[in-house]
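Chains as they are written, first to last, in this note's numbering: chain A, 136 to 481; chain B, 93 to 171. Don't be surprised by glycine CBs; every beta carbon is placed ideally from N, CA and C.
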Ligand code: SF4
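As structure tokens, then:
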């Protein structure tokens, strides 16, 4: 029986976690990757939806990293469990709706549970002291180790020399001398290490690994909660926040207007559960209605939808509205762009 | 050896990959799984996942907006 030690690496798909896993593999440890899907991850979705993104080669970076390292990757659906992290973050939010510190604690705690269930020895992350303002500071690193319950089973190979010794180092499962002391926001040491290992074409996400760090996404999420009167959400809700123009002419409803063909096709899948509008006299995008639109709201909604159709300059545009299977056709004059109050755009 | 079909239409990556992964955990080596998806990303992501986890893609085809892959469970546990 092999007595090779086993580690699980949190893989986001970015360079840091790629390097952290590689450094430990190089020390003869068996490493497998784990990636958590919260529903807010940047990977995939917008590429799949928007036609204009189709030209760019699409790949899932976490899978790409695993393939580079010739290691298994376990992708875990944490959509339900993640809700409590997002709704009640003990340590608060970052610049937008990103609860990074609580998120890291949650993910490391899940990894801890995973190593216990799968008989692995320790956990690796690509964190670097001082790299991110909320979750990767010298004072928050111990918070993640402690609150996740991982304690000294959590090793950060890229900055281990700046931190207290962990069990894998203490026990000699890994050699501390061959770990690193990276710190701060500079990416140069990581890039040099990537060069040394011969990694090219790695992903370099700018803000963070999920939509919650995105300002306009966060604004839409807060709007959804405000008008719904509760912070409940389902996967479909958070997917729809990634698609289309969101226009809120009233507190009771919001329009989601597809911006292009790919988005229209994506929204088609939601027609069953929503009221929807479609211009029939001209070409135009599919529009879903989120919330409870009344009969009285329909003319205004139709004029807005007409504004985004090819009939925007016409005197009269026909718009079909389907509500609970009931079809109403309205002939309206498209609303001129300058008459749409800026604050209606979410 | 069994043959199983999985309807993953409407799901966006990585959810189809997760569903395949979780299904394969319940299958035996040599079993076949046919998955039908609508996210074109699966044509890239599912074969990659299969390669790193030791499973095979026997065939793949697309029609209109559907993408169908036939997979065979490999020797590793694949979880
Ligand atoms: S950016 Fe998103 S996924 Fe990454 S740590 Fe912050 S909240 Fe979590």
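Between residue 196 of chain A and residue 148 of chain A, which are expected to be in contact by the criterion C-beta below 8 Å, what is the C-beta distance as a whole number of angstroms? That pair is a contact at about 3 Å.
Residue 168 of chain A, enclosing beta strand (DSSP E) - first and last residue: 165-172 is the extent of the beta strand (DSSP E) around residue 168 of chain A.
Determine whether the Cβ of residue 443 of chain A lies closer than 8 Å to any Cβ atom of chain B. Answer no: the Cβ-Cβ gap between residue 443 of chain A and chain B never drops below 8 Å.
Shortest alpha-carbon distance to residue 211 of chain A belongs to which of A/220, A/245, A/339? Taking only the C-alpha atoms, the option nearest residue 211 of chain A is A/245.
Contacts of residue 201 of chain A in chain B (Cβ-Cβ under 7 Å): Using a Cβ-Cβ cut-off of 7 Å, residue 201 of chain A is close to 144 of chain B, given in chain order.
Against chain B, does residue 259 of chain A count as a neighbour if the rule is that its beta carbon must be under 8 Å from one of theirs? No, its Cβ sits nowhere closer than 8 Å to a Cβ of chain B.
Closer than 7 Å: is that where the CB of residue 429 of chain A sits relative to any heavy atom of ligand 1? Because no heavy atom of ligand 1 lies under 7 Å away, the Cβ of residue 429 of chain A does not count as near it: no.
Could you confirm whether any beta carbon from chain A is found closer than 8 Å to the beta carbon of residue 129 of chain B? With a threshold of 8 Å between beta carbons, residue 129 of chain B makes no contact with chain A.
What in chain A is Cβ-close to residue 109 of chain B, meaning under 7 Å? Those within 7 Å of residue 109 of chain B in chain A are 210.
Less than 8 Å separating the beta-carbons of residue 148 of chain B and residue 122 of chain B? The answer is no: Cβ separation not under 8 Å.
List the DSSP bridge partners of residue 151 of chain B. B/162.
Hey, would you say the C-beta of residue 347 of chain A is under 7 Å away from at least one heavy atom of ligand 1? It does: the Cβ of residue 347 of chain A is within 7 Å (strictly closer) of some heavy atom of ligand 1.
Using only alpha-carbon positions, find the residue among A/429, A/252, A/442, A/257 that is nearest to residue 289 of chain A. If we check each option's Cα against that of residue 289 of chain A, A/257 comes out closest.
Contact between the segment 335-354 of chain A and the segment 165-172 of chain A (3+ Cβ pairs under 8 Å): Below 8 Å, too few C-beta pairs join the segment 335-354 of chain A and the segment 165-172 of chain A to call them touching: fewer than three.
Check whether the segment 400-414 of chain A and the segment 425-442 of chain A touch, using three or more Cβ-Cβ pairs below 8 Å as the test. The segment 400-414 of chain A vs the segment 425-442 of chain A: in contact.
For residue 136 of chain A, collect the residues of the same chain with a Cβ closer than 8 Å to its Cβ; drop the 5 residues on either side in sequence, then sort them by chain order. Bear in mind that a pLDDT of 49 at residue 136 of chain A, under 50, signals an unreliable position, so the number given afterwards is only what the model happens to contain. Spatial neighbours of residue 136 of chain A in its own chain (CB-CB distance under 8 Å, excluding positions within 5 residues in sequence) are not present.
Beta-carbon separation of residue 420 of chain A and residue 443 of chain A under 8 Å? Contact: yes.
When every heavy atom of ligand 1 is checked, does at least one fall within less than 7 Å of the C-beta of residue 152 of chain A? Not under cutoff, so the answer is no.
Touch test, the segment 205-220 of chain A against the segment 138-147 of chain B, Cβ-Cβ under 8 Å, three pairs minimum: Here the segment 205-220 of chain A lies against the segment 138-147 of chain B, with 3 or more beta-carbon pairs under 8 Å apart.
At a CB-CB cut-off below 7 Å, which residues of chain B make contact with residue 404 of chain A? Per Cβ cutoff of 7 Å: 102.
Cβ contact check for the segment 280-296 of chain A and the segment 310-326 of chain A: 3 or more pairs under 8 Å: Yes: at least three Cβ pairs fall under 8 Å.
C-alpha distance - residue 243 of chain A paired with residue 284 of chain A, whole-angstrom precision: A direct Cα-to-Cα measurement between residue 243 of chain A and residue 284 of chain A gives close to 8 Å.
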